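Here this note's numbering is used: the first residue of the sequence shown is 2, the next is one more, and so on. All remarks here apply to the structure that follows.
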Amino acid sequence: MSVFNQSRKNVIRVVFIALFVVIIARLFSLQVITTKYKILADDQGIFRKVVYPDRGIVFDRKDRAILQNTTIYDLMVVPGKIKGTDTTTLCSILEIDTAEFRKRIITAIIKNKSYRPSVFEALLSAEKMAKLNENLFKFAPGYFLQERPVRDYPFDAGGNILGYLSEVDTNFMKSHPNDGYISGDYAGKTGIERSYEKVLMGQRGIEFYKRDNKNRLTDKLEKGIYDTAAVAGQNMYTSLDIELQALGEKLMENKLGSIVAIDPSTGGILCMVSSPTFKPKMLTGADRKKHIAELLLNPALPLLNRSVMATYSPGSTFKTLQALIGLHEGVIETSFRVSCSGAFYGCGGGHPMKCLDRGTFDLRSAITISDNTYFATVMQKVIQNPAYPSQDSSLAKWDQYMYEFGLGRKLGVDVPSEKRGTIPTPALYDKIYGKGRWNYCNFRSVSIGQGEVDVTPMQVANEMAYIANNGWFKTPHLVDSIEGGDKFDLLSKFKVKHGNIDIPDSVFDAVHDGMQGVVDHGTGMGAKVDGVVICGKTGTVENYIRNVKQPNHSFFCGFAPRDNPKIAIMCVVENSGRFGGTFAAPIVGLMIEKYLKDSIAGKERKDKAESLSKLNLIPPRIYAAMRTQDSMMHRKDSAYLVARGYIRLVKDTLDLEDEDTNDVLEKFEKDRLNKPLPLIPPPGNQDTGDIKPSAILPQDKRKPATQDSANNNP
């Protein structure tokens, strides 16, 4: 019996020893080998702070900061750490209900998991920031404030050029897998913010802080030895003259159109006005999404950068190029004369191309008075040139000239979404009329810049630089240099001269003579500036929407001074209903004066600038579209669907990278009944006519080429 008891004691002893060994081994594993629980314990006492870098500062040509940084805060959430948080107080501070709270938490988990920080409310207002600071200890560790540099615009001009930032979404991160973006990051959406994102973005840093028993941050962990410093983005220096840009925006107030000015010697863009525009400060801060909704729903499309995204028939500004081609091809000389007896009858009497000035004109005088008959005859000689075996081949040669002039192709400007425009080709007319079944008379209106030809304002300004330089240009661009070096080789292409056609200087001299005559005593006298010799060309462009005649567009383009040109410039005023010399030429004259003389001098000139800025040329259809849209906003059943469809359509038109449309629409829905969207100033006594909801987007269409202008196109 005693042996049995002794044996049982030994077994029990062995079992206890074994259990003790297992416990010791497990404790050793947990505390020494496995660091999971140590990490969890440390995590409660350590705060990892992401340090967002300052984006690069952008300067204008006079080294003035036009795009810089200021600081704002986001409220971040880690969904896995919010248990026990005072949700009621938080919702009260943020002015949201519990349903919105749950939605944001679920969205954060879906986008970024429950253990990673996500933005709960971005770009906090000063009022909310103050309240959160007072109560933040109640929400830790699940919530914390994240400092973030955001953009500041000292001049509040150039919105379409500079662009704006937006928080990256899943699609953006998937399309940029190697660029290190994470949820909560911001990236350039439009303008040079988008074109130069890699240069401007910088690199995130991280800092580690200790927490006390009340979740308050104390000292840096181990005196900061684990920290990684943020690296600021690179600064950029541009060719932009911000004061000239601001003047252009003022002159184009209450108008649709564009002004583009280029330094002919460098290709540097001096200004790039698109009207209507927006104040870039609108798209920063707590009301950003509300303002985006307003801009996207605006029928005048202020987010459309008309300088590179809108295309127009160039009208009579095209005639200077016809002159260059005719002279270089040898089908005319500068002394070549054409008589106009009321119309161009070179294609018979069916649809004569009419002209206003009767008489006989040589090249110089034809440019000065903008005679249709002269340039219709010149292009006819080019297309019917016996040196080519067919009109097909002569038109192909004409196309090559246009390509060399920078038309019918993207120039490679350093702003997004540039359009190539349209230059007619033999293939186009084969498609329209059938192969071999067309001739010059089918497209004679192209000779005066109508029909199947479309250009962007940027291309027209570049065309002026080409003529000013006697046959070459450099790719128009905004950024001249990058501080710290051009690491991504973005700027070298802007140093290259383009122009492979050897046109003699004597040919350009003749064209310059005619263009100087336009301003001195011709159709563009409104562009005159005392003491400056200006070469220019007016244009009046017929404008049709769905085959319904609308007021004409007005063009003026030119360069100055004639000798050693410093500025090549163009202006288009949509729907002005007047000749190019009426509104566009005076605007260009004021811009040239400002750039070359650094100011607009004299009361008369200042009064002229003021009267032009107050002139309202917004077409009635835009105001009608505003009324239609406003009425839909007050019909709750349809407003949301209309807004959704309209925003998606406009975003596609504007070539915007994907935005969180639902957020924008929710903001629209909340503000919809509170006040009408501020679109553009009221029209005064203009007749707004009628418009259908389907006509909200203004899509301008030109007349078919077989229909000719009833008037001269000065």
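Glycine included, C-beta positions come from ideal geometry on N, C-alpha and C. Remember, predicted model here, so these are calculated numbers, not experimental data.
Can you tell which of GLN385, GLY581 and ALA324 has the C-alpha that lies nearest to the C-alpha of SER366?
ALA324
By the DSSP assignment, the alpha helix (DSSP H) with ALA262 in it spans what residues?
Secondary structure note for ALA262: it is in no alpha helix (DSSP H), and the uninterrupted beta strand (DSSP E) holding it is 258-263.
Under a Cβ-count criterion, where at least 16 other Cβ atoms within 10 Å of its own Cβ denotes burial, should ASN306 be classed as buried or exposed?
buried
Quick one: give me the first and last residue of the alpha helix (DSSP H) that MET174 is part of.
171-176
So what's ASN544 in DSSP terms, helix, strand or just coil?
If DSSP states are grouped into helix, strand and coil, ASN544 belongs with the strands.
Other residues of its chain near GLN69: CB distance less than 6 Å, five sequence neighbours each side excluded:
ILE58 and ASP153
Rounded to whole angstroms, what is the Cα-Cα separation between GLY258 and GLU135?
50 Å
Indicate the three-state DSSP secondary structure (helix, strand or coil) for GLU484 in the structure shown.
coil
Rounded C-alpha distance that separates GLU330 from LEU245
Near 39 Å, if we compare the C-alpha coordinates of LEU245 and GLU330.
From this set, THR374, ILE73, ASP372 and MET526, which residue's C-alpha is nearest ALA127's C-alpha?
Checked all of THR374, ILE73, ASP372 and MET526; the closest Cα to ALA127 is ILE73.
Ignoring anything shorter than 4 residues, give me the alpha helix (DSSP H) runs that lie fully in the segment 487-552, in order along the chain.
506-522
Report all residues from its chain with a CB closer than 7 Å to the CB of LYS139; omit the five preceding and five following residues, and keep chain order.
ASP87 and THR90
Tell me the DSSP secondary structure of PRO477 in three-state form.
coil
Along the chain, which unbroken stretches of the beta strand (DSSP E) at least 3 residues long are found entirely within the segment 263-305?
270-276
Any idea what DSSP makes of CYS442, helix, strand or coil?
helix
Go to PRO150, then tell me how far its alpha helix (DSSP H) extends in each direction, as first and last residue.
Unbroken run through PRO150 is the beta strand (DSSP E), 144-153; no alpha helix (DSSP H).
Got a sec, what are the start and stop residues for the beta strand (DSSP E) TYR467 sits in?
Premise fails: TYR467 lies in the alpha helix (DSSP H), 458-469, not in any beta strand (DSSP E).
For the segment 454-462 against the segment 568-579, are there 3 or more C-beta pairs whose distance is under 8 Å?
yes
Helix or strand or just coil, what does DSSP make of TYR197?
coil
Would you kindly report the start and end of the unbroken alpha helix (DSSP H) that includes ALA100?
99-113
Buried/exposed call for PRO155, threshold 16 Cβ in 10 Å:
exposed
Buried or exposed: where does THR369 fall if 16 or more other Cβ atoms within 10 Å of its Cβ makes it buried?
buried
Backbone CA spacing between LEU491 and LEU298 [nearest angstrom]:
34 Å
Please name the residue, chosen from GLY143, GLY452 and VAL151, that lies closest to ALA109 on a Cα-to-Cα basis.
GLY143
Unbroken alpha helix (DSSP H) runs of length 4 or more, entirely within the segment 371-415: which are they?
Within the segment 371-415, the complete alpha helix (DSSP H) runs of at least 4 residues are 373-384 and 392-405.
Please state whether DSSP places TYR596 in a helix, a strand or coil.
helix
What are the partner residues of PHE557, as DSSP defines its beta bridges?
THR539 and CYS572
C-beta contact flag for TYR238 and LYS221 at 8 Å
no
Looking at VAL151: is its Cβ nearer than 8 Å to the Cβ of THR278?
In this structure, THR278 does not lie closer than 8 Å to VAL151 by Cβ.
Can you give the Cα-Cα distance for ILE106 and TYR624, rounded to whole angstroms?
42 Å
Below 7 Å CB to CB, which residues in the same chain sit around ASP455 once its five sequence neighbours on both sides are set aside?
Taken in chain order, the residues that qualify are THR312, TYR313, SER314, GLY422 and THR423.
LEU133 and LEU124 - do their beta-carbons sit closer together than 8 Å?
no
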